[in-house]
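Novice:
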Amino acid sequence: MKTGLQKREENMTFLKSVPLLKNLPSEKLAKIADVLEYDFFHENEYIIREGAAGDMFFILNKGEVKVTQMIAGQSDPKEVRRLKRGDYFGEKALLSEDRRTANVIALPPGVECLTVDRDAFTQLIGDLNELHNKDY
Ligand code: 6J7
Ligand code: CA
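Residue numbers for the sequence shown follow the numbering used here, so the first one is 89 and each next one is one higher.
#1: Closest by CA to Phe129, which one among Lys110, Lys150, Ile120?
#2: Check each candidate in Leu117, Gln162, Val199 and name the one with the smallest Cα separation from Tyr134.
#3: Quick check: the Cα distance between Asn132 and Lys172, rounded to an integer number of angstroms?
#4: Please classify Asn191 as buried or exposed, where buried requires at least 16 neighbouring CB atoms within 10 angstroms.
#5: Report yes or no: do the stretch 203–218 and the stretch 119–129 share at least 3 C-beta pairs separated by less than 8 Å?
#6: Exposed or buried, Glu179, counting other C-beta atoms within 10 Å across all chains shown (16 or more means buried)?
#7: Assuming Val204 contacts Phe177 (C-beta within less than 8 Å), just tell me the rounded distance between them.
#8: What are the start and end residues of the alpha helix (DSSP H) that includes Ala118?
#9: Suppose the cutoff is 7 Å on Cβ atoms and the five residues either side in sequence are ignored; what does the same chain contact list for Thr123 look like?
What follows is the structure, encoded as structure tokens:
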């Protein structure tokens, strides 16, 4: 069994390795480490559904996901991207208080994510320039 302190250290080490968060001061990283939760998804499970409401931000800790989007005039969503450990998703609905703009689906053999709720995202992460300068 890991103690709470060990888990916190492990979370801090991982958060420091996430490119999005690399310039955050340690105090902010520690606050994120305190509030984050873990969520697990089976292969082919929809982590996010395009068009749904959403209140969670995700950082991929284990496994890979694919991102798909509906295209006007086509019946099947198109794959636009794959993400791996250290990548993040779900910021758009939180920044705009709007609906999810794409599907995010767990690839085999499944996925572990760190999740941050809307309040903590807004306080600790939402101001980062990278999020506002994304080209999608
Ligand atoms: Br990752 C990723 N790539 C894209 C993309 O090319 N277009 C859109 N619209 N979203 C993309 N995403 C992520 C982004 O974090 O997929 C998430 C779906 O939920 C989106 O944030 P969201 O709209 O909250
Ligand atoms: Ca789950």
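For glycine and all other residues, C-beta sits at the position ideal for the given N, C-alpha and C.
Specialist: Answer, in terms of the structure:
#1: By one-based count along the sequence shown, residue 129 stands at place 41. Selected option, being the one with the closest Cα: Lys150.
#2: Taking the first residue of the sequence shown as position 1, residue 134 is located at position 46. Looking at the Cα atoms, Val199 is the closest of the given residues.
#3: The residue labelled residue 132 in the question sits at position 44 within the sequence shown. The residue labelled residue 172 in the question sits at position 84 within the sequence shown. Using only the alpha carbons, I get a separation of about 15 Å.
#4: Taking the first residue of the sequence shown as position 1, residue 191 is located at position 103. So Asn191 counts as buried.
#5: yes
#6: Counting from 1 along the sequence shown, the entry for residue 179 is found at position 91. Buried is the call here.
#7: The sequence position of residue 204 within the sequence shown is 116, counting from 1. The sequence position of residue 177 within the sequence shown is 89, counting from 1. The Cβ separation is near 12 Å, so there is no contact.
#8: Translated into positions along the sequence shown, residue 118 becomes position 30. Here the alpha helix (DSSP H) through Ala118 covers 114–123.
#9: Mapped onto the sequence shown, residue 123 falls at position 35. Residue identity differs from the one stated: residue 123 is Val in this sequence, not Thr. Only Val204, Ala208 meet the Cβ criterion.
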